[in-house]
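*Asks:*
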Amino acid sequence: MIKVDSELLDFISHAAKNTHPNEFAAFLREDKGVISEVVFSPFSIFGKNSSTISHFSLPIDTSIIGTVHSHPSDNGLPSDRDLNFFSHYGKVHIIVRYPYERWNFFFYSREGDFLEYEVL
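With the sequence shown counted from 1, adding 124 to any position gets you our numbering.
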């Protein structure tokens with residue numbers, strides 16, 4: 125089961141609300157088995173229909189285990205483009221859908237399978 129820090133979910137929720145109606149996107153960092161931090165790429169682009177984040181600008185960091193992004197709609201399912209990106213980077217991917225509350229978080233594997241998670 126995926127473990128995630130509750131304060132991180134609050135931070136992601138606020139970031140998604142502040143970027144709305146554009147998508148928000150970042151990388152996820154794990155510490156001692158708990159996803160506890162987001163890492164922003166310096167060359168991120170947040171748009172209405174998609175976001176772009178580049179892992180090329182990040183240092184080599186084995187604690188980065190996936191990504192998070194928002195969907196400014198009520199759809200929490202990954203798109204085909206999301207699934208393609210998931211398959212290339214990381215093992216855990218979070219989508220938070222509008223209105224970006226605690227129950228609007230969805231965790232996926234790199235294959236796009238739903239993952240259960242525990243909030244700490």
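Ideal Cβ placement from N, Cα and C applies to all residues, glycine included. The model shown is predicted, which means the values in this text are computed figures rather than measured ones.
Would DSSP call SER197 helix, strand or coil?
*Replies:* Coil at SER197, not helix or strand.
*Asks:* Please determine, among SER197, ASP129, ASP185 and SER165, the residue with the shortest C-alpha to C-alpha distance to ALA140.
*Replies:* When only C-alpha atoms are compared, the closest one is SER197.
*Asks:* Going by DSSP in three states, ASP185 sits in which element: helix, strand or coil?
*Replies:* Three-state result, ASP185: coil.
*Asks:* Please report how far the alpha carbon of GLY326 lies from the alpha carbon of SER203, in whole angstroms.
*Replies:* Here the chain covers residues 125 to 244 and nothing more, so residue 326 does not appear.
*Asks:* Do you know how far the Cα of ARG234 is from the Cα of PHE152?
*Replies:* Rather than Phe, the amino acid found at residue 152 in this sequence is Leu. Distance between the alpha carbons of LEU152 and ARG234: 13 Å.
*Asks:* Going along the chain, which residues of its own chain have a beta-carbon closer than 8 Å to the beta-carbon of GLY171, five neighbours each way excluded?
*Replies:* Residue placement at GLY171 is flagged as unreliable, the pLDDT there being 46, under the threshold of 50; the coordinate-derived value follows with that caveat. Excluding positions up to five away in sequence, the list reads ASN146 and GLU147.
*Asks:* First and last residue of the alpha helix (DSSP H) that includes GLU240?
*Replies:* Neither: GLU240 is in no alpha helix (DSSP H) and is coded neither H nor E.
*Asks:* Hey, how far is the Cα of GLU242 from the Cα of PRO223?
*Replies:* The straight-line gap from Cα to Cα measures roughly 21 Å.
*Asks:* Excluding the 5 residues flanking LEU201 on each side, which residues of the same chain have their C-beta closer than 8 Å to its C-beta?
*Replies:* So the qualifying residues of the chain are ILE219 and PHE230.
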